[in-house]
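Chemist: Below are the structure tokens for one structure; questions will follow.
Residue numbers (this note's numbering): 8 to 341.
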């Protein structure tokens with residue numbers, strides 16, 4: 008089955024089963040394909056005209072004039088960016104809400120579930136997580152195929168450049184930290200009662216002994232995305248990880264050190280001028296995501312190492328806290 012048919016079947020099936028999808032944006036795959044089909048006709052006409060012109064001028068090279076086609080260039084990327092942004096916002100918000108229900112503890116978890124009338128039992132959470140993963144991956148693959156078709160029709164690399172723009176605007180679904188968190192969520196459920204959990208987690212794999220340690224996601228059409236779980240500062244597997252809004256992962260202590268804030272203050276308190284140690288983008292700390300599911304996965308699979316690093320971070324936190332309050336006391340005296 009071609010991807011276009013599979014995508015439309017996915018939309019039909021999911022909208023029947025989950026009314027929530029009616030509130031979420033989707034890639035208008037058929038409409039974009041129709042626009043590109045129009046441009047393909049335009050290109051064919053231009054090539055025919057170019058052939059006729061080349062015969063008259065004894066030229067053998069055929070050039071594509073469709074790169075300036077007003078059908079595409081005025082609205083194509085603008086509309087695709089808007090749809091990608093809407094999808095990213097919907098996915099991130101719903102994934103954050105779902106995982107908050109799972110990792111919340113104590114009275115907070117009780118109040119959250121009471122407010123939802125106990126709707127979110129484990130089975131319901133797993134099913135909604137599955138829906139969100141399919142929502143992200145199917146739309147992400149749809150966008151990639153549209154951009155690939157665009158470049159093919161226009162003999163350009165504009166679609167390839169646009170993929171980079173999606174990453175720069177932080178709306179690339181496959182780079183969302185919440186997708187990594189959902190993967191860790193399913194891997195954390197491995198071994199739970201019921202084969203369905205294990206079947207769902209088969210879309211993800213995690214090899215912490217590899218160099219570098221990775222989490223992998225299998226996409227439709229057997230595509231595979233790998234996420235490097237190495238902190239770029241300490242060069243070890245991330246511990247108590249945070250993902251900056253640019254998508255880069257760091258240990259909490261490393262992120263705080265790079266932003267010149269204390270560990271107990273957290274990366275989100277960093278100055279707006281602080282830069283990501285990798286891409287050097289500013290303003291990426293304020294919306295940093297605390298990767299609690301990923302941290303739980305690391306704690307479960309690397310118990311000894313996790314405990315050792317936990318003790319080291321706690322010791323450093325106590326030390327920094329003492330330094331901080333000593334400074335506050337000195338300021339108060341003067």
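For each residue, glycine too, the CB sits at the ideal point set by N, CA and C.
By Cβ distance below 8 Å, which residues in the same chain neighbour residue 147 in space, the five residues on each side in sequence not counted?
Modeler: Taken in chain order, the residues that qualify are 179, 180, 181 and 226.
Chemist: Comparing alpha-carbon positions, which option in 34, 240, 83 and 191 lies nearest residue 144?
Modeler: Of the listed residues, the one whose Cα sits closest to residue 144 is 34.
Chemist: Does any CB atom of chain B fall closer than 9 Å to the CB of residue 275?
Modeler: No chain B appears in the structure shown, which is made up of a single protein chain.
Chemist: Mind checking residue 107: buried by the 16 CB within 10 Å criterion, or exposed?
Modeler: In summary, residue 107 is exposed, with fewer than 16 beta-carbon neighbours lying within 10 Å of its beta-carbon over all protein chains present.
Chemist: Is there contact here, the stretch 282-291 with the stretch 303-317, by at least three beta-carbon pairs under 8 Å?
Modeler: no
Chemist: Run through DSSP, which three-state label would residue 9 get?
Modeler: coil
Chemist: Label residue 83 either buried or exposed according to how many other C-beta atoms from any shown protein chain fall within 10 Å of its C-beta, with 16 as the threshold for buried.
Modeler: It counts as buried.
Chemist: Are residue 300 and residue 141 close, meaning C-beta to C-beta below 9 Å?
Modeler: no
Chemist: Quick check: the Cα distance between residue 217 and residue 304, rounded to an integer number of angstroms?
Modeler: 16 Å
Chemist: Taking only three categories from DSSP, how would you classify residue 265?
Modeler: helix
Chemist: Would you say residue 215 and residue 308 are within 9 Å of each other, going by their C-beta atoms?
Modeler: yes
Chemist: Which residue wins for smallest C-alpha separation from residue 21, given the options 100, 96 and 135?
Modeler: 135
Chemist: Candidates 230, 222 and 247: which alpha carbon is nearest residue 236's?
Modeler: 222
Chemist: Under DSSP, the alpha helix (DSSP H) around residue 184 begins and ends at which residues?
Modeler: 184-195
Chemist: Between which two residues does the alpha helix (DSSP H) containing residue 224 stretch?
Modeler: From DSSP, residue 224 is part of no alpha helix (DSSP H) but of the beta strand (DSSP E) over 221-225.
Chemist: Assuming the contact rule is C-beta atoms closer than 8 Å, residue 224 and residue 232 should be a hit. Round their C-beta distance to whole Å, please.
Modeler: 5 Å
Chemist: Work out the CA separation of residue 12 and residue 284 for me, nearest whole Å.
Modeler: Their backbone Cα atoms lie some 42 Å apart in a straight line.
Chemist: With a cut-off of 8 Å, do at least 3 Cβ pairs link the stretch 273-281 to the stretch 158-175?
Modeler: no
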